[in-house]
Structures are given as structure tokens and as C-alpha cells.
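Chemist: Chains as they are written, first to last, in the numbering used here: chain A, 155 to 481; chain B, 155 to 481.
All residues carry an ideal CB built from backbone N, CA and C; glycine is no exception.
Here you go, one structure.
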């Protein structure tokens, strides 16, 4: 079996350089590439068991998300696993389904030294698990304790959505959201949208359809939209939704009401989901930089594991993407 | 921390019953439910480390799929994780991206006793890894050695698709496929389709667009369909595709050609994917019983781990589902 020395020899670098790459420390991009290629080529694996005895590290990370049925979470986990693999880490996938008990079960793994660190999205009040020096990186939510928060710029996303609807000629806007009301960076989507509407003195309404994540409230949305028709015509001409999944539901209800998109009403979602997670954008959207978020999350977590300084919050930029539902 | 005795007491069953449930052995449905509820309620965790020392079991399974960007694989992994969690097993998620080296890397984990067993889908010639008594369950592919194969009834799926297209009035059929040419149960989709066309003496064509899984050959499909127009009208009136992802690509190209679906041409995909993996079916399709496949896979793997008899091949039934692209 290949040793770290074999990798160094194959890559033409020092053993210390290989070690740095495996531990996620800084080396030049060129050396990083060489080492990663040699690791793959030789099928090098850290001796987890021996290392575990020596250092108490397991080289295993637990990633918690509600589930990977949701294409956004699938995309996030996809990129996290790729990053972790490059650095010699294995990944437990933990789907909490937002069940507090299942979240707690997985959070205990890290306290019991079954994994070196934990990252993901949780949806319950579990500050209590994040005490002491447990390495934790969470997306979109702030916790007490030593938890690093990675997010994209949700406030800017909301502003950008309003701006784009206005640029396409919309003058009466709706914001529609579903999802948890727990304090979260994602609540800033509506706040940014509202701020831009106020700045531009454009009439707008904020509609909130609650927090059952398994449930797209199609009929409730239908009724809300129908009640805003005046003589068969919509009293709104631009909609921004808190997620792309919700935008798809809104599009379905607009079709039932014989409202043309984007001619009568423009629709912008949030996330930047693609058909089959690879093709065209499903709707016009505010795209999150998922790959960059995954990479920033893995980097921060490995720094935390090595007790290095990390930023408390990392906010990455979003972009508007065209998906056929804006003019 | 809860012990197995606490679980037994809480569930009102014998310790042996709890042990059987945790090891995936048969107990009555009622007792199984009671134990699972108590495991959740008490947050019971097997002491993996101590058990590992005693028995060499890790209570960890590696699941290999090409990636979870693909919604079908995401759905399969979703159900596998749920099943494993119920039985006290953790899951490494391994995305091979069909890279032989990455597949081999993960397959070595099981040989090194880092995990108790392995399941998933691999796309390279890796029979060599499946020797001796390594517990392996694979979906859709047969290997030499002690590998259990779980699949849905792809041949029936192909027959059913042809039958439905005929029942909807189509009389000139196309089968369009992409994907690996490795011997696989999924090749039977086309075979079943062809068999039904021959039986019903209906003209048909089989189009194969090769095996680059990252690539939906939109332009090549466009040209193939365009070359089959006669005076602007299609010379075909029913299409069955090897996956739903491919059906979506075909629908896009039909739209470019101003061909109406399902009026002019009916389209049936394969897999039974839903919008956001939860909503309506994306297209009319042959739905795989993903949850049942996951459960059968986990059950077979745990039997293999305990060196119990398993079936070599388990084939589960498929169903036709209506998704708006058939008449």
C-alpha cells in the first residue's frame, strides 16, 4: 500500500508538502495539484486507525442536511464530498429530515469523537450541542459557540431580484416565501427585496406561507393569487420567491389562472437550480455559488479541526441567472 | 447514555428482540416498530468502537453512486440512508463520478475493514474487488463473485412503455437511449420495448446516443428528429427514452421543431422522477420502486454481512405513471 513517502516521490515534492495538502494547509496551487494527482494515482489512503490512535482524528466528517431529495441540498452535498475526498476525508451523510431527535443523534457523533467535525444545515434549536471546541460549520444559520457560518449574500439577492423585476418593466411586486422562521441568513432575501422596493418607491406585498418544508402549498398560493385578480387581470406583475422550488409551484398556479409568464407576470426564484441539476436553469433566479460555499465550508472546518483561526461568518456573492421567466 | 437494556425496557420487549432489530433480523412488525421508536426516543447508539474491537464490525456501510446531482441517485441514496439509520448503521457517501480510480479507492475501504459492506452502482469493470466473502449489493449490474443484484423489471418497463404508446394511438415508435454499454439490467429497457413492437408488428427504430453520462446530446437528438420529418410532420408519433432526464431533453428538441406533445407525439421516459423529487411527475414514465429497491438492498446487504443466505438477484415491479406527455 502506498505511503506518504511514495506520494511525495511520485509528486516530486517534500513529504511535508504532502502532509500540508492532506491537512488542508496552504501550499502553492501547482504543488496542490501534483499531490492530489499522486494521491489519486497511487490510491493513497491515510491509515485512519493508526492515526486515530495517535491523534484521535478519524478523518471523517459528518454532513447533516434535511435530505438530499431537495436538489439544492443534493448539489451542496455533491460539492462537499468532492472537496473532502480530495483532502483524504470520508463523509458520513446524515439526513435529519428536520427531526430534532435525528439531528441530535447525529450531533452527538461529534461529541463522541466518532467524527472530527460536522457541517451542514440544521433546523432546530441545538445551540447546546455546539459548545467547547467542537468543530462545526453551518450554512445559513448563526449559533452561539464556536460555529462558523457560511452563507451567500441573501440580502443582495433580494435586492437584485427586485431590481431585475423593475428593469423588466414590473411595477407591482409580490414576495412569496415558505420555510422555517428560525433566525437564518435566508430571511434576508425578503428584507433585501423589501429594501429595494422601498428605495424605488414601488408598491409591493410580502406573502408568507409558513414553514412545513415537505409541503408546497399549491392551493393556498392559487387562492392568494386569484384574490389579487381584477377583472381577470393580475394586480401584480412581478413575483420573487424564496426558493426555486416555490417558484415552480407559483408558475403552476399562474398557469391554472391563465396568466402568461413572462408576458403578464415575471417570476424570479432563488437558488439557481438547473434541470436535472446539470442543464438549463429551471426559472430565472438568484443563483447561490454552491461550489464556492462547499469549498469555503470544508476549508473553514478543517481549520477549526486544527484549532486554527477562522472567520465567524463568510458571505459569498450571488448572481442573477436567466431562466425564461423574466423579460 | 442509553444502553440496549434501556431500549428493551422502554419498548417493553426482550433485549434479544432489540438486538435482532439492530442486526436486521426478523421480528414481528409490531416489535420492530416499538424498538425503532425507543431507539429514536432514547437516542440509543451502538458503541461502535467497543463493538468494533470485539467483533470487527464498524456498523458503517459505504454507498457508491456516480453522483447525487442525478435526482434518481439522490432519491435512491435518500431511501438507503433512512433504512440504514433505522437499523443503527451509518453511511459513507461515495460519489465515484464513474472514475475507475475513485471507484477503486472506495472499493478498497471494504477490503480494509473500514466498512462492513458496500452497496450502490459502479460503472467500471471491477469484478476483481468482489472476491471472497466481502458483502456487496449492487443495483442493476451483475458481477462475478458474491454480489447480490437488485433491480427493477426493466424488460417489463420497456414492454409497458410500448404498450402505453400503442394504447394512446401511436403507430410509429422510437426508442432513444444514452448511457453505458456495460452489461446491465437497464439494457433490458430497450429489449422489452423491441419485443413488444415486434409482437404487435409495429414499425420502430432504436436510436443510441452513446455513453457519456455527463452529456445530454441535445443537438444530436435535434438532428436525428429533424431528419425524420416529412413535409414538416414527424414520421414518428411515439417516443420511449431510457431515462426521464433524456425524455426532458427530447421534449426540449421537439419544442424547437414545433412538434406538439402529446398531440403529435407521445413521450414516455423511465425512472418516475418528480418535480423537486417530491411533486408531480416530470414526464409520463415507467416508475422504478426506488424505496422498495433501497429496502431490499439494505436487507440483502445486512444478511450478507451476517453470512446468511441471500438471493442472487431481486427484481422488483415497475409501474406506468402519467406525467402529461401521453394521451
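Work out the CA separation of residue 473(B) and residue 301(B) for me, nearest whole Å.
Modeler: When rounded, the distance between both Cα atoms is 26 Å.
Chemist: Find the nearest neighbour of residue 278(A) within the set 292(A), 247(A), 383(A), judged by alpha-carbon distance.
Modeler: Taking only the C-alpha atoms, the option nearest residue 278(A) is 292(A).
Chemist: Measuring CB to CB, does residue 378(A) end up less than 8 Å from residue 233(A)?
Modeler: No, these two residues do not count as a Cβ contact at 8 Å.
Chemist: Interface residues of chain A around residue 399(B) at Cβ under 9 Å?
Modeler: The answer, in chain order, is 429, 430, 432, 433.
Chemist: Run down chain B in chain order and give the residues with a C-beta less than 7 Å from the C-beta of residue 221(A).
Modeler: Result: 232.
Chemist: For residue 261(B), tell me which candidate among 294(B), 196(B), 217(B) has the shortest Cα-Cα distance.
Modeler: Checking every option, the nearest Cα to that of residue 261(B) belongs to 217(B).
Chemist: List, in chain order, every chain B residue whose beta-carbon is nearer than 7 Å to that of residue 228(A).
Modeler: What residue 228(A) touches in chain B: 222, 223, 228.
Chemist: Using a Cβ-Cβ cutoff of less than 6 Å, which residues in the same chain neighbour residue 451(B) once the five nearest sequence positions on both sides are dropped?
Modeler: Taken in chain order, the residues that qualify are 273, 291, 304.
Chemist: Among all the DSSP beta bridges, which residues are the ones paired with residue 292(B)?
Modeler: Paired residue(s): 274(B), 303(B).
Chemist: Taking only beta-carbon atoms, is residue 249(B) less than 8 Å away from chain A?
Modeler: At least one chain A Cβ lies under 8 Å of residue 249(B).
Chemist: What span of residues does the alpha helix (DSSP H) with residue 458(A) cover, start to end?
Modeler: Unbroken alpha helix (DSSP H) run through residue 458(A): 444 to 459.
Chemist: Buried or exposed: which applies to residue 471(A), given that a residue is buried once 16 or more other Cβ atoms fall within 10 Å of its Cβ?
Modeler: By the 10 Å Cβ count, residue 471(A) comes out exposed.
Chemist: Please list the terminal residues of the continuous beta strand (DSSP E) segment that includes residue 245(A).
Modeler: Taken as a continuous stretch (DSSP letters only), the beta strand (DSSP E) holding residue 245(A) covers 244 to 249.
Chemist: Determine, using beta carbons only, whether residue 332(A) and residue 420(A) come nearer to each other than 8 Å.
Modeler: Result no, Cβ atoms of residue 332(A) and residue 420(A) do not sit closer than 8 Å.
Chemist: Tell me which same chain residues have a C-beta within less than 8 Å of the C-beta of residue 344(B), skipping the five on either side of it?
Modeler: 312, 329, 331, 360, 396, listed in sequence order.
Chemist: Beta carbons nearer than 7 Å to chain B: which residues of the stretch 381 to 414 of chain A have them?
Modeler: Against chain B - using a Cβ distance shorter than 7 Å - the residues of the stretch 381 to 414 of chain A are 399, 402.
Chemist: Taking residue 171(B) as part of the alpha helix (DSSP H), name the residues at either end of that continuous run.
Modeler: Note, residue 171(B): alpha helix (DSSP H), 169 to 176.
Chemist: Taking C-beta to C-beta, are residue 295(B) and residue 263(B) nearer than 8 Å?
Modeler: For residue 295(B) and residue 263(B), no; Cβs fall outside 8 Å.
Chemist: Tell me the residue span of the alpha helix (DSSP H) that contains residue 350(B).
Modeler: Note, residue 350(B): alpha helix (DSSP H), 342 to 353.
Chemist: On the three-state DSSP scale, how would you describe residue 315(A)?
Modeler: Three-state DSSP puts residue 315(A) in a helix.
Chemist: Taking all protein chains shown into account, decide if residue 342(B) is buried (16 or more other Cβ within 10 angstroms of its Cβ) or exposed.
Modeler: Buried.
Chemist: Would you call residue 424(B) buried or exposed, if buried means 16 or more other Cβ atoms sit within 10 Å of its Cβ?
Modeler: Residue 424(B) should be labelled buried.
Chemist: Hey, residue 179(A) and residue 220(A): beta-carbon distance below 8 Å or not?
Modeler: Cβ distance not < 8 Å, so residue 179(A) and residue 220(A) don't count as in contact.
Chemist: Let me see if you follow: with CB-CB separation under 8 Å, is residue 184(A) close to chain B or not?
Modeler: Taking Cβ atoms only, chain B never reaches closer than 8 Å to residue 184(A), which makes this a no.
Chemist: Note down the Cα distance separating residue 256(A) from residue 372(B), rounded to an integer number of angstroms.
Modeler: Straight-line Cα distance between these residues: approximately 42 Å.
Chemist: For chain A, find out if any of its Cβ atoms is closer than 8 Å to the Cβ of residue 244(B); answer yes or no.
Modeler: Chain A, which has a Cβ nearer than 8 Å to the Cβ of residue 244(B), makes this yes.
Chemist: How would you write the range of the beta strand (DSSP E) that residue 329(B) sits in, first residue to last?
Modeler: It spans 327 to 331 - the beta strand (DSSP E) in which residue 329(B) sits, taken as one unbroken run.
Chemist: Which value, in whole angstroms, describes the spacing of the CA atoms of residue 435(B) and residue 314(B)?
Modeler: C-alpha separation (whole angstroms): 17 Å.
Chemist: Taking the C-alpha atoms as reference points, what is the distance between residue 168(B) and residue 422(A)?
Modeler: Going from the Cα of residue 168(B) to the Cα of residue 422(A) covers about 56 Å.
Chemist: Fully enclosed by the stretch 390 to 430 of chain B, which beta strand (DSSP E) runs are 3 residues long or longer?
Modeler: Listed in chain order, they are 392 to 395, 420 to 425.
Chemist: Below 7 Å, is the gap between the Cβ of residue 272(B) and the nearest heavy atom of the ligand NAP?
Modeler: As for the ligand NAP, it is missing from this structure, which has no ligand bound.
Chemist: Going along chain B in order, which residues have a C-beta closer than 7 Å to the C-beta of residue 370(A)?
Modeler: The answer, in chain order, is 433.
Chemist: Quick check: is the beta carbon of residue 273(B) nearer than 8 Å to any beta carbon in chain A?
Modeler: Judged by the 8 Å Cβ criterion, residue 273(B) is not in contact with chain A.
Chemist: Mapping the DSSP letters down to three states, classify residue 370(A) as helix, strand or coil.
Modeler: Residue 370(A) falls in the coil class under three-state DSSP.
Chemist: Residue 418(A) and residue 388(A): beta carbons closer than 8 Å?
Modeler: Contact: yes.
Chemist: Per DSSP, which residues does residue 439(B) bridge with? Please list them.
Modeler: Answer is 423(B), 475(B), bridged to residue 439(B).
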